[in-house]
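The sequence shown begins at 5 in my numbering and counts up one residue at a time.
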Amino acid sequence: MTQRPTWQLFTLAVLIWGTTWHAIVHQVALTTPEFGVTLRFAIAGALVLALALWRGERLHFGLRAHALLALQGVFMYSLAYLCVYHAELHVPSGLVAVGYSASPLLAGLGAWWLWGQHVSRAFIAGGVLGVVGVALIFWPEIGLAGARPSAGLGLAYTVAAVLLSAVGALAASRNSRHKLPFWPGLGLAMLYGAGASALVLGLQGQPLALPTAWSWWLSLAYLTGAGTVLAFAAFLTLQQRLGPGKAATIGVMTPVVALAVSTAFEGYRPGGWTLAGALLAIAGNALMLRPAATRASA
5 MTQRPTWQLF TLAVLIWGTT WHAIVHQVAL TTPEFGVTLR FAIAGALVLA
55 LALWRGERLH FGLRAHALLA LQGVFMYSLA YLCVYHAELH VPSGLVAVGY
105 SASPLLAGLG AWWLWGQHVS RAFIAGGVLG VVGVALIFWP EIGLAGARPS
155 AGLGLAYTVA AVLLSAVGAL AASRNSRHKL PFWPGLGLAM LYGAGASALV
205 LGLQGQPLAL PTAWSWWLSL AYLTGAGTVL AFAAFLTLQQ RLGPGKAATI
255 GVMTPVVALA VSTAFEGYRP GGWTLAGALL AIAGNALMLR PAATRASA
């Protein structure tokens, strides 16, 4: 099979992950976040496990490994995404995407605190710069909190999503340190996340009714197939070719695409504070993902 050029894989991952934030808008427009997250990761987990079987990888793990994967799945693929979906009910998806980009700093500091991993000054400086940028982006929304309380609620959900995602990232890092196979582990973690979201959905006692709108089903197919399986395949191939530092620069461009999509399709009109904050956030991410900074925090 012909090997895809590196630039094509990079472009594919950025465009997919930069547009999945808008696809979530179509999900929450017709169903509860709990229902959308449950179905998305149940299907995605099944697809990833099918891919692992096709690759000939083992799917048998001990109880300890299942516990670690469940921890990763509950935080990364359930609680964090539930907050993301709820956030997009109140603020444009591009703002949530940029806010989410602050999670690498928290994950890096968490790894330093838990395992004593060295964190470089460039990584910390880039993280602080990114957080300041995110604060500037959300500043107009905070100013609207009095007249439009949902803006403040959207910010609160975004902050919660960042914190929960950082916990999930630390769990995933720990699983990687334990040499758990990536694709089988990813699929099982997603299924555990889907199970946790299904539990929340059940506790709400809401009736289950599948939507009939094509926009909902198309967005679900895009989030599961492209946003999970295809984008991760491209990212992992880049990571094998270029190393984790250079491959992670995908995270610099993804929020830019998400903001552009929000502007084009959600009626979002960024002001001066937002543009300045976006530039700071991008610069901070680029600084964090410099090869030296990444190696020091890996």
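All residues carry an ideal CB built from backbone N, CA and C; glycine is no exception.
| Item | Value |
| --- | --- |
| Could you tell me whether the Cβ atoms of Leu72 and Ala198 are closer together than 9 angstroms? | no |
| Among Met80, Ala160, Ala33 and Ala17, which has the Cα closest to the Cα of Ala170? | Met80 |
| Between the C-alpha atoms of Gly2 and Arg44, what's the straight-line distance to the nearest angstrom? | Coverage of the chain is limited to positions 5 through 302, which leaves residue 2 absent and any answer about it impossible. |
| Taking the C-alpha atoms as reference points, what is the distance between Leu32 and Ser223? | It is Val, not Leu, that sits at residue 32 in the sequence shown. Answer to the nearest angstrom: the Cα atoms are 10 angstroms apart. |
| Any idea if Thr298 is buried or exposed, counting beta-carbon neighbours within 10 angstroms, 16 or more meaning buried? | The predicted model places Thr298 with a pLDDT of 42, which falls under 50 and marks its position as unreliable; any figure quoted below should be read in that light. With 16 or more Cβ atoms within 10 Å of its Cβ, Thr298 is classed as buried. |
| Am I right that Leu205 and Phe14 are in contact with their C-beta atoms under 8 angstroms? What's the rounded C-beta distance? | The Cβ separation is near 36 angstroms, so there is no contact. |
| Looking at the structure shown, is Glu270 part of a helix, part of a strand, or coil, going by DSSP? | coil |
| So, helix, strand or coil for Gly44, using DSSP? | Strictly speaking, residue 44 in this sequence is Arg, with Gly absent from that position. DSSP places Arg44 in helix when its eight states are reduced to three. |
| Which class does Arg59 belong to by DSSP, given the choice of helix, strand or coil? | coil |
| For Trp25 versus Ser266, is the C-beta spacing smaller than 9 angstroms? | yes |
| Thinking C-beta only, is Leu83 closer than 9 angstroms to Leu22? | For the sequence presented, residue 22 should be read as Gly rather than Leu. Result no, Cβ atoms of Gly22 and Leu83 do not sit closer than 9 angstroms. |
| Short check: CB of Ala165 to CB of Val261, under 9 angstroms? | no |
| Relative to the C-alpha of Leu51, which residue among Leu67, Phe236, Leu168 and Ala91 is closest? | Phe236 |
| In this structure, how does DSSP classify Thr278 when only helix, strand and coil are distinguished? | helix |
| Candidates His30, Phe65, Phe239 and Gly131: which alpha carbon is nearest Pro9's? | Phe239 |
| At the level of alpha carbons, what is the spacing between Thr258 and Ala155? | 23 angstroms |
| Roughly how many angstroms separate the alpha carbons of Leu192 and Leu19, rounded to a whole number? | 26 angstroms |
| Quick check on DSSP: helix, strand or coil for His70? | helix |
| Is any non-hydrogen atom of the ligand ADP found closer than 8 angstroms to the C-beta of Ala230, if you look at the structure I gave you? | Here there are no bound small molecules, and the ligand ADP is not part of this structure. |
| For the candidate residues Ala268, Leu93 and Ala48, whose alpha-carbon lies nearest to that of Tyr161? | Leu93 |
| Taking Val271 as the reference, which of Thr42, Thr36, Gly66 and Val95 has the closest Cα? | As written in the sequence, residue 271 is Gly, which differs from the Val given in the question. Closest by alpha carbon: Val95. |
| Could you compute how far the alpha carbon of Arg273 sits from the alpha carbon of Gly77? | 35 angstroms |
| CB His90 to CB Pro37, shorter than 9 angstroms? | yes |
| Mind reading off the beta-carbon distance from Leu140 to Trp277? Whole number of angstroms is fine, and I expect it under 8 angstroms. | 5 angstroms |
| What are the boundary residues of the alpha helix (DSSP H) that includes Leu184? | It is not in any alpha helix (DSSP H) - Leu184 carries neither H nor E in the DSSP assignment. |
| Taking one C-beta from the stretch 283-291 and one from the stretch 126-133 each time, how about it: are there three or more such pairs within less than 8 angstroms? | yes |
| List the whole-angstrom C-beta distance separating Ala56 from Leu195, where the pair is believed to meet the contact cut-off of C-beta under 8 angstroms. | About 12 angstroms; that fails the 8 angstroms criterion. |
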